[in-house]
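Student:
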Amino acid sequence: DHKFSLCRSYWLVWATLFSASVSTDVPKSTVSRCMALVWAAFGLTFLAVYTANLAAFMITRVQFYDLSGIHDPLITQPDMHQPPFRYGTVDGGNTHETMKRNWKKMHEYVKKNNFFRDNISAGVEAVRNEGLDAFIYDAVVLDYWAGKDANCELMMVGKWASMTGYGIGFPKNSPYTAMVNQYMLQYQQKGDLERLANFWLTGACSPDSHGQTHSAPLGIENFLSAFFLLAGGIIFSVIVLGCEFFFIRHLRKPLQRIDPNGWCGIISMAMGKSLTLPEAVDRVQEWRHRAQSLANSPQSPLSKDSIKPAKSMALPPQPTPNLKRRYLEIETNL
1 DHKFSLCRSY WLVWATLFSA SVSTDVPKST VSRCMALVWA AFGLTFLAVY TANLAAFMIT
61 RVQFYDLSGI HDPLITQPDM HQPPFRYGTV DGGNTHETMK RNWKKMHEYV KKNNFFRDNI
121 SAGVEAVRNE GLDAFIYDAV VLDYWAGKDA NCELMMVGKW ASMTGYGIGF PKNSPYTAMV
181 NQYMLQYQQK GDLERLANFW LTGACSPDSH GQTHSAPLGI ENFLSAFFLL AGGIIFSVIV
241 LGCEFFFIRH LRKPLQRIDP NGWCGIISMA MGKSLTLPEA VDRVQEWRHR AQSLANSPQS
301 PLSKDSIKPA KSMALPPQPT PNLKRRYLEI ETNL
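Pasting the structure below:
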């Protein structure tokens with residue numbers, strides 16, 4: 001038998017965490033065994049969660065470029081990306097004029113590579129067929145096309161670059177101007193315009209369904225359950241350690257006075273050796289029978305003749321054998 005040293009405990013921790021088929025030493029104390037079981041449960045949970053998240057992260061590939069907006073490096077410096085990032089818009093449209101007026105470098109790049117498309121459907125089809133990596137146009141129109149996409153392969157990314165409004169033209173001093181303005185304000189306050197936009201412009205492909213095409217990177221929140229289990233096991237082991245210390249310090253000696261026959265020790269050893277209750281009782285009866293036979297034997301140092309003091313000679317005092325020592329001797333003979 002060897003002591004359970006620090007190096008052996010590290011070896012047990014490593015083997016339990018990675019499920020290594022190596023020879024390990026099992027601790028003997030209750031607290032150490034409890035902590036070893038908690039660590040084994042933590043290792044199993046940690047590896048299961050890590051394997052599941054890693055498999056999902058490796059299998060699911062990114063389906064889109066997560067652009068931050070019109071000033072994203074992929075838009076402003078497309079040639080720095082390999083292969084170069086391709087984007088375009090409708091030739092002659094409002095977005096084209098805005099790009100020509102405000103973002104001249106972007107306009108030159110699109111014009112040089114001939115990334116213009118004739119209409120919106122041609123631009124959307126170019127993105128679907130990987131002819132373009134991104135198609136820049138009005139957000140409301142693109143949101144409508146992305147929502148109505150059959151396979152939900154299109155996605156709106158980035159922030160709005162600019163906002164423009166639509167107006168209804170009336171002749172000067174028209175009697176319908178005030179009436180239309182009044183009804184438009186009422187529709188806006190009641191939320192009718194928003195409900196109409198959601199009904200006609202929003203399709204079956206919602207942003208939540210688009211988000212399922214890619215997986216988020218692994219984070220610490222994916223392993224919180226395993227760490228909570230480990231923390232709970234540590235707290236429970238500390239409580240068991242405190243109970244064991246309290247028992248050894250305050251309850252062990254009173255228990256020995258209450259139970260002089262050692263029944264608690266017999267039951268504890270029976271549980272440690274996987275003995276059933278009848279087997280433990282048989283062992284106790286056998287131990288008592290042998291102890292009684294040894295006490296009545298003439299050669300026994302416990303016989304009355306041997307312990308009776310003589311007048312002519314002084315016998316040295318012989319201590320009464322301890323109950324636990326006799327039990328261990330009987331166990332050795334067995």
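Residue 154 in UniProt numbering sits at position 154 of the sequence shown, and the numbers go up by one each step.
Virtual Cβ for every residue (Gly too), placed ideally from N, Cα, C.
Values in this document were obtained by computation on a predicted structure and should not be read as measured data.
Report yes or no: do the segment 22-33 and the segment 121-135 share at least 3 C-beta pairs separated by less than 8 Å?
Tutor: With the cut-off at 8 Å, the segment 22-33 and the segment 121-135 do not touch.
Student: Report the rounded CA-to-CA distance for L334 versus L44, giving the unit in angstroms.
Tutor: Low per-residue confidence applies at L334: pLDDT is 44, beneath 50, and the placement is therefore not dependable, though the value from the model is reported in the following sentence. Spanning the two alpha carbons is a distance of roughly 41 Å.
Student: Starting from the Cα of residue 340, find the closest Cα among T51, W103, L47, N53 and give me that residue.
Tutor: Because the chain spans 1 through 334 in this model, residue 340 falls outside it and cannot be assessed.
Student: Can you say whether R288 is buried or exposed, counting buried as having 16 or more other CB atoms within 10 angstroms of its CB?
Tutor: When all chains shown are included, R288 counts as exposed.
Student: Have a look at Q186, F227, H107 and flag the residue whose alpha-carbon is nearest the alpha-carbon of V49.
Tutor: Of the listed residues, the one whose Cα sits closest to V49 is F227.
Student: Below 8 Å between beta carbons: does that hold for F46 and F223?
Tutor: In contact: F46 and F223 (Cβ atoms closer than 8 Å).
Student: Quick one, which of R128, N198, D282 has its alpha-carbon nearest A150's?
Tutor: When each option's Cα is compared against that of A150, the closest is R128.
Student: If you follow the alpha helix (DSSP H) that Y187 is part of, which residue opens it and which one closes it?
Tutor: Run containing Y187: 176-190, per the alpha helix (DSSP H) assignment.
Student: Between which residues of its own chain and G147 is the CB-CB distance below 6 Å, once the five residues before and five after are set aside?
Tutor: Closer than 6 Å at the Cβ level, and outside the excluded window around G147, lie T202, G203, C205.
Student: Answer with buried or exposed for M99, where buried requires no fewer than 16 other C-beta atoms within 10 angstroms of its C-beta.
Tutor: It is buried - the Cβ of M99 has at least 16 other Cβ atoms within 10 Å.
Student: Short check: CB of I234 to CB of A161, under 8 Å?
Tutor: No, these two residues do not count as a Cβ contact at 8 Å.
Student: Determine whether the beta carbon atoms of D133 and Y87 lie at a separation below 8 Å.
Tutor: Yes, the Cβ-Cβ distance between D133 and Y87 is below 8 Å.
Student: Buried or exposed, going by whether 16 or more other CB atoms sit within 10 Å of the CB of H96?
Tutor: Looking at its Cβ environment, which holds 16 or more other Cβ atoms inside 10 Å, H96 is buried.
Student: Name the residue from K253, L37, L6 whose alpha carbon lies nearest to the alpha carbon of S237.
Tutor: Checked all of K253, L37, L6; the closest Cα to S237 is L37.
Student: Quick one: what's A134 bridged to in DSSP?
Tutor: Looking at the DSSP assignment, A134 forms a beta bridge with Y87.
Student: Can you tell me the Cα-Cα spacing of Q188 and K172, whole angstroms?
Tutor: So the two alpha carbons sit approximately 24 Å from each other.
Student: What distance in whole Å lies between the Cβ atoms of V22 and A15, which are believed to be in contact at a cut-off of 8 Å?
Tutor: With 8 Å as the limit, A15 and V22 qualify as a contact, their Cβ atoms being about 5 Å apart.
Student: Identify the continuous alpha helix (DSSP H) that holds I239 and give its terminal residues.
Tutor: Note, I239: alpha helix (DSSP H), 224-246.
Student: Comparing alpha-carbon positions, which option in A41, V13, F246, A197 lies nearest V140?
Tutor: When only C-alpha atoms are compared, the closest one is A197.
Student: Please work out which residues of its chain come closer than 7 Å, Cβ to Cβ, to F199, disregarding the five sequence neighbours upstream and downstream, and give them in chain order.
Tutor: Result list for F199: empty, nothing under 7 Å.
Student: Measuring CA to CA, which of L229, F116, S293 is closest to N94?
Tutor: It is F116 whose Cα lies nearest to the Cα of N94.
Student: Which word fits V90, buried or exposed, when buried means at least 16 other C-beta atoms lie within 10 angstroms of its C-beta?
Tutor: Answer is buried; the Cβ neighbour count reaches 16.
Student: Please classify G232 as buried or exposed, where buried requires at least 16 other C-beta atoms within 10 Å of its C-beta.
Tutor: Exposed: under 16 other Cβ atoms inside 10 Å.
Student: Using 8 Å for Cβ pairs, my map puts L241 next to A41. What's the rounded Cβ distance?
Tutor: Not a contact, Cβ separation roughly 18 Å.
Student: Out of K112, L6, W39, point me to the one whose CA is closest to S19's CA.
Tutor: Among K112, L6, W39, the Cα nearest to that of S19 belongs to W39.
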